[in-house]
Structures are given as structure tokens and as C-alpha cells.
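Read the structure below first, then the notes.
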Amino acid sequence: MSDREMVRDYLNSLMKFLSRLDKEDADDVLREIECHIYDVMEIRQENGQIIDAGEILRGFGQPRELASQYVDHILEGAPPPMGFRAIQKIKSGTTKGLYWTTAIFGYLFSAVLVAIGLLKTINPDAVGVWPSGNGESVVIGAMSRIPTDTQEILGWWIIPIALGLGLGGAYLTKRILNVLKPKAR
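When the letters of the sequence shown are read in order and numbered with the numbering used here, they come out as residues 1051 to 1235.
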């Protein structure tokens, strides 16, 4: 049996024991183990050592035991197996970036809508929704120069609509952020 076939068989066996995890987590574990296996093979080859896939796989332990360590970590919070921290750090960084991007854009968009609703009460002629000159789009906001030959579309209805959408957007952003909240490590 070739080295690649031995690795494939090991990973297939490992996958069976990861069945308690959701597919995404199980795939992450498999990718990580596969990378570690091939990293060890590559290091041995660079050092001029004999590559014995069977010996390398024995070093990782039985698939059932290795899978159990990962399952216990992911589902029960047990200490992570060696090497697992690297992939979790990458996932954590991605989650943090998505979290802050969502927070900034979500709350900023909501604040702009609320501001438009409130500004309509202060300067009703300059705040609103107007069709563009060719009628294919609309212009929304506070305008210093109102488009000529157009009439504001929503009138005073922009106040409850903008406030409702702004507050709804802030609430939705908060709910999304609760889901994306980076876990403390």
C-alpha cells in the first residue's frame, strides 16, 4: 500500500469517529490532521530521512483516540490536542474581522437612517427622497441643492420609515453580532 493510500485510509477512519461533530468542525479537524501528516513527511524528506507513513501515522495515535481528543475539545471544552490551536486562531481572527465589519457598517447605516428621519423635522425641504433626473433611480438624504423639476416622493412619511428602518437595522445588527461574538480563549 502506498503512503498516500495509508494516509487516506487513516483519515477515512478518523472521519468515522468524528461523526458527533458538525460537518464544518469535522472537516476542519481532518484538514488539520492531514496537513500535520504531510508536514511531517515533508520535514523527513528535507532531512534525508526515510518516509514511513505507517510509522508517522502511529505517531498520531489510533484514529479513535485522536478523534476523541478533538470531539472532547470541541463539544466539552477539554484542552485542545496539540496543533489544534493554530486552526482555531485563524478561525478566531476571521470571526473577529467579520464581527467588527458587521458592527461598523450595521450601526453606521442605522445611524444614517435615524439621522435622516430626525433631520426631516428640522429642515423638511432639504431632506427626503427624490427621483433622479432620468427617473431610473432615486436620491435619498439631506440635500443642499434639491434636484430641479422633481418632487419629493415620501414627504413626511420618510420620518417613520427612516426611523423604523434605522432602529430595525440597529436591532438586527445587534442580533447578528451576538451570533458572531468572538469567543474568549
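We put the CB at the ideal spot given by N, CA and C, even for glycine.
Q: Compute the Euclidean distance between the alpha carbons of I1034 and W1150, then round it to the nearest angstrom.
A: An answer regarding residue 1034 cannot be provided, because it is not within the stretch 1051 to 1235 covered by the chain.
(Q) Suppose you measure from the CA of K1224 to the CA of W1206; what does that come to, to the nearest Å? (A) 28 Å
Q: For I1190, write down the residues that DSSP places opposite it in a beta bridge.
A: V1179
(Q) Check whether the stretch 1091-1100 and the stretch 1118-1127 touch, using three or more Cβ-Cβ pairs below 8 Å as the test. (A) no
**Q.** Cβ separation of W1230 and T1152, assumed to be a contact under 8 Å, to the nearest whole Å
**A.** It is worth fixing the name first, because residue 1230 is Leu in this sequence and not Trp. Indeed they touch by this definition, with Cβ atoms about 6 Å apart.
Q) Just how far apart, CA to CA, sit L1061 and L1080? A) 7 Å
Q: Pull up the distance between the alpha-carbon of L1169 and that of L1215, whole angstroms please.
A: 15 Å
Q. Going by C-alpha distance, which of I1226, Q1119, S1160, I1196 is nearest L1071?
A. Q1119
Q.
Using CA atoms only, rank isn't needed, just tell me which of R1054, R1114, N1184, E1055 is closest to K1066.
A. R1114
(Q) By the three-class DSSP mapping on this structure, what secondary structure does P1174 have? (A) coil
(Q) Assuming I1208 and A1192 are in contact, meaning their beta carbons sit under 8 Å apart, how far apart are those beta carbons, in whole angstroms? (A) Their Cβ separation, rounded to whole angstroms, is 11 Å, which puts I1208 and A1192 out of contact at 8 Å.
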